[in-house]
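*Asks:* In mature numbering (1 follows the signal peptide of the UniProt record, and there is no 0), the protein residues as written are -41 to -1, 1 to 1168. After the structure tokens below, expect a handful of questions from me.
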């Protein structure tokens, strides 16, 4: 293991909070492998941090000190570098360069300590580096205190899904009354602004990116200040410095006054994994775009005005980017693999993306577009989120795609609050009509139907190749159809999904089909793709009638250009593929997406070879909607160069309007559309602005469990233009602060929020001039909204024609409970306060209390503790987590609270090699790592002494919470829930081991909420009275006349004196105070106990009572024979009567003997104490007859006197 570094970080703005179970959830402490995950808001869900293997591979190593963009000073010799609000980071300032060099040196030291080589160094937006590591190097770095997180590189993907009205016209930018005209014309729209595009590169020959050749003459236009360095003075007065990185089919001359930067980042993806022209992918080791996605997004944002576009030789007129006068800097981070028919080998690695973000901040871009995603967000603070925080702190507006995993809920990516996350909507598209032979007609998207195409119609499954009658044939996958089954002049119906849409039409063409009807199985976009045969793409609402008709014999169809039906798809309709919220990570207190923009059937630039013809293509996806927002941000900055990212985002959100569904009905769901569809005609005059910045963002991080060194801000109170409460039980008050952009009186109104009351205070805000700031509160309380699901609505401030609307989402929860409560004492209790979110019973169940194990000191140098050491020492302990453990805690408690100890926990494989690890490395003396549902097996707990003067001892304790254990008693065991009313239950325990730690869990029904109960027992309490350990006992026969003897039992105190008091049925027996007692006749049937009182000098007396013994009743037995003189032929009988003092008749066995020969007769309650026994046949002689009663548990036995009988003849 590596030794801790010698230096100490002076300040650390973003370090994982690790002191306890986080305030709002049970989770592992700082995860040193994998994506960091913070606690979620109550109800506490034991989510824990996932275990990630220490495997060889590429890692992002994030270090503790601030990146340049967020560094506020504190390290000796280095000035603060974070820019002032409204300013951008200037990477050429001497303090920035000096601090960046300092971070790079520290990174080199950390890497060198394990023999690693740095591939990428990140200092601007993120402090860290990327390196290929062995498993051993990764494990060793995980124990380094300077390392905050160790994250395996991840492959993400671009988010495109593959109009008579261009999107710029739909947005109201074009025309005499459009936004461009109002801001000086298209030739100045976005002027002075540089938009950075993180994507697949750029096609520099495309006319959308045409610019003048670069000269070496300084001026207003970009120029070459060195061989391939481009300098440009931006509208805000700062300087952009870009690089035109040469490579395959890319030279310095490909940059221009339009393309002011072009770089590529491939170390993470690896050149060995690239496709190339020989594989058909057209990939290039250079900034050149081999896929088209990057050119498409870049030209959507900032493509030149009036660019003529054609697809498949068809002229589609002119197109423009949203901010056509802005400059573009391309950062190629996404690459195509060798398989042209698959996308799984394509992607963008996190290490490459972080390098590009870092470079973009250094270069000085104003806007970044990120049309890339990786699935549903598991955190709001991933490495890319952290890098974008640095970018936003540097004054850069970041637009990011929401993702294409809709319409399912909680599928959205790019969830951090400093990013503007964009959903996708439709615009009027290029249509075609499907007319069935029975007269039904349906509209879809098409650019390949120019003249009518008519023929027979079949479903693809009807012409499936042998063995492909299932899903492949339905999808028209390559090779799935049989040409022998396809009649001449036939069109084929295919389902959308899995296979590229154009590959489906290619398969139809392969088998002789003359056209295709492509149908969405579920609602989604309809896309006018460049198909190889005439195709119309229709939505799911028309699927059933088309498929059913195509299955009929002799079915026919005609495809025609345009929309000849009476139904026109309404716009802007939210795209079915657009990913939805809510974000489940970090408490769901951030509402996402933020905004919606056009993202379906967007026509923009495509790829081309250096000597090839520029291309254009229609693409759909949130990849297409995000650059619309990036371009609008550039348009905004062109007019207001010092605007902050939060100002731009707020202006867009509060001026947005609702999207619609396929029937034209307004959508108000903020988890689908965010604040609504962006409206550029209004966002320059938003009325009010919700401003926030780096201090607020760091406060948010502090609130979700990261140590940012600032006061925490609950996510719900982050000053965003939306409001979200992930957990509501009692009424909650949210505060917002707004800054006016105009004078006026604004009045509040609330819409939606069924089952929730929203009280706004004050209800009016009056501003005398622009720039004034006022605050208001919204108190939200549940009435009858469903529990554990979101209710949505909006808050609107209105002043004349100006409306300022904010979406609201509130989730009432069944219960909010503390993550952990602490108790003390071998016997004790703790009160737990919880707040139910509704009425009704909530049963409580427990696991534990489980006893923690104080790990032994192997050296013997720290008696009574686990170990001791001086600065630089490390001590390792082996721990086993058993099967069935629900929770595991590793505690480190320093005896000297001025020391600084660190804790690392490794999970080991069978060979003893670390496969996962967690670190708790705060500046405190004590540390803790918690794991939820840990894997059973071997673990290591490593104590590292970072600082001690001169040395310190410590206690290391490992606890696994298992079902059972020492009882944890809950009173009451069922909470009678009353909505919003806090209630308390008591958790109590008794007779725990002294000087020990225990841990248990309390579960609240099936809500998923959990409270940990931690008990530190401390010293055993000094006795105030003797304690009876084993109760007194009574020996002897409990029968009248017998003597009983008392034993005092066992006690916890030596030298006691004992006194006795005998009791009958609980009442003292007068005079019976000796250690023995003679049972009296009057005691029959009574329960006899003895009370033993123990006394000792200085202690209070204690009385213990024995178990009782029951005194039996006495009995008498009488026997009579029916004749005392009899002949041998006469039958004789004996009557036996048993009497006792018992109120019940005697029962048991009566034994009758004749001259010593016994015979047993049962005496039952039915006999009522008397039975008759027939004697056996007797010969002549004299006989002695007797009877005895054997007794019962409550009656003593007895014996009769003898009777004589003479038998003659």
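Ideal Cβ positions, reconstructed from N, Cα and C, are used throughout, including at glycine.
(1) Please list the terminal residues of the continuous alpha helix (DSSP H) segment that includes residue 653.
(2) Have a look at 916, 529, 147 and 1110 and flag the residue whose alpha-carbon is nearest the alpha-carbon of residue 1182.
(3) Buried or exposed: which applies to residue 274, given that a residue is buried once 16 or more other Cβ atoms fall within 10 Å of its Cβ?
(4) Taking C-beta to C-beta, are residue 806 and residue 920 nearer than 8 Å?
(5) What residue does the alpha helix (DSSP H) around residue 1171 start on, and which one ends it?
(6) Rounded to whole angstroms, what's the CA-CA distance from residue 833 to residue 902? Just pull it up for me.
(7) Please confirm whether residue 1047 and residue 1020 have their CB atoms less than 8 Å apart.
(8) Residue 1113 and residue 1144: beta carbons closer than 8 Å?
(9) Verify whether the separation of the beta carbon atoms of residue 1032 and residue 1003 is less than 8 Å.
(10) Counting pairs of Cβ atoms below 8 Å between the region 1141 to 1157 and the region 1103 to 1120, do you hit three or more?
(11) For residue 186, does the three-state DSSP call read helix, strand or coil?
(12) What three-state label does DSSP hand residue 311 in the structure shown?
(13) What are the uninterrupted segments assigned as alpha helix (DSSP H) that are 4 or more residues long and contained completely in the region 46 to 132, given in chain order?
(14) Under 8 Å, with one C-beta from each stretch per pair, do the region 963 to 970 and the region 772 to 785 reach the 3-pair mark?
(15) Could you check whether the region 495 to 511 touches the region 91 to 110, counting it as contact only if at least three pairs of C-beta atoms, one from each stretch, sit closer than 8 Å?
(16) Quick check on the DSSP output: the beta strand (DSSP E) that includes residue 275 runs from which residue to which?
(17) Which same chain residues end up closer than 6 Å to residue 91 when comparing Cβ atoms and leaving out the 5 residues on each side of it in sequence?
(18) Within its chain, find whatever has a CB closer than 7 Å to the CB of residue 1168; leave out the 5 residues flanking it on each side and keep chain order.
(19) To the nearest whole angstrom, what separates the beta carbons of residue 763 and residue 646, a pair I think is in contact under 8 Å?
(20) For residue 320, count the other beta carbons within 10 Å of its own beta carbon; 16 or more makes it buried, fewer makes it exposed. Which is it?
(21) Rounded to the nearest angstrom, what separates residue 865 and residue 837 at their Cα positions?
(22) Between which two residues does the alpha helix (DSSP H) carrying residue 753 extend?
(23) Compute the Euclidean distance between the alpha carbons of residue 586 and residue 557, then round it to the nearest angstrom.
(24) Which of the three DSSP states is assigned to residue 824 in this structure?
(25) Would you call the region 355 to 367 and the region 510 to 522 touching, i.e. three or more CB-CB distances under 8 Å?
(26) Can at least three beta-carbon pairs, one atom from the region 678 to 689 and one from the region 735 to 748, be found at a separation below 8 Å?
(27) Is it buried or exposed for residue 1183, if we count other Cβ within 10 angstroms and need 16 for buried?
(28) Short of 8 Å in beta carbon distance, which residues of its chain neighbour residue 397, apart from the five on each side in sequence? Order them along the chain.
(29) Let me know the secondary structure DSSP gives residue 743 once reduced to three states.
(30) For residue 51, is the classification buried or exposed, using 16 other Cβ atoms within 10 angstroms of its Cβ as the cut-off for buried?
(31) Checking the sheet assignment: what are the DSSP bridge partners for residue 324?
(32) If you draw a straight line from the alpha carbon of residue 605 to that of residue 458, how long is it in whole angstroms?
(33) Where do the N-terminal and C-terminal ends of the beta strand (DSSP E) with residue 392 fall, by residue?
(34) So, do the region 189 to 202 and the region 318 to 333 have three or more beta carbon pairs nearer to each other than 8 Å?
(35) So residue 1164 and residue 1080 are supposed to be a Cβ contact under 8 Å. How far apart are they, rounded?
(36) Among 164, 861 and 575, whose alpha-carbon lies nearest the alpha-carbon of residue 1169?
*Replies:* In brief:
(1) Per DSSP, the unbroken alpha helix (DSSP H) holding residue 653 starts and ends at 653 to 662.
(2) Only positions -41 to 1168 of the chain appear in the structure, and residue 1182 is not among them; the question remains open.
(3) It is exposed - the Cβ of residue 274 has fewer than 16 other Cβ atoms within 10 Å.
(4) Yes, these two residues count as a Cβ contact at 8 Å.
(5) An answer regarding residue 1171 cannot be provided, because it is not within the stretch -41 to 1168 covered by the chain.
(6) 5 Å
(7) no
(8) yes
(9) Against a cut-off of 8 Å, the Cβ pair of residue 1003 and residue 1032 comes out as no contact.
(10) By the criterion of at least three beta-carbon pairs nearer than 8 Å, the region 1141 to 1157 is in contact with the region 1103 to 1120.
(11) Note: residue 186 maps to coil in three-state DSSP.
(12) helix
(13) 53 to 72, 94 to 101 and 126 to 129
(14) yes
(15) no
(16) Secondary structure note for residue 275: its beta strand (DSSP E) is the uninterrupted segment 273 to 278.
(17) 17
(18) 1086, 1087 and 1139
(19) That pair is a contact at about 5 Å.
(20) Looking at its Cβ environment, which holds 16 or more other Cβ atoms inside 10 Å, residue 320 is buried.
(21) 10 Å
(22) Run containing residue 753: none in the alpha helix (DSSP H); it sits in the beta strand (DSSP E), 750 to 758.
(23) 9 Å
(24) In the structure shown, residue 824 sits in coil (DSSP, three-state: anything other than H, G, I, E or B).
(25) no
(26) yes
(27) No answer is possible for residue 1183: it lies beyond the span of the chain, which begins at -41 and ends at 1168.
(28) 508
(29) coil
(30) exposed
(31) For residue 324, which the question treats as bridged, DSSP gives no partner whatsoever.
(32) 40 Å
(33) 390 to 395
(34) yes
(35) 6 Å
(36) Because the chain in this structure spans residues -41 to 1168, residue 1169 falls outside the shown range and cannot be described.
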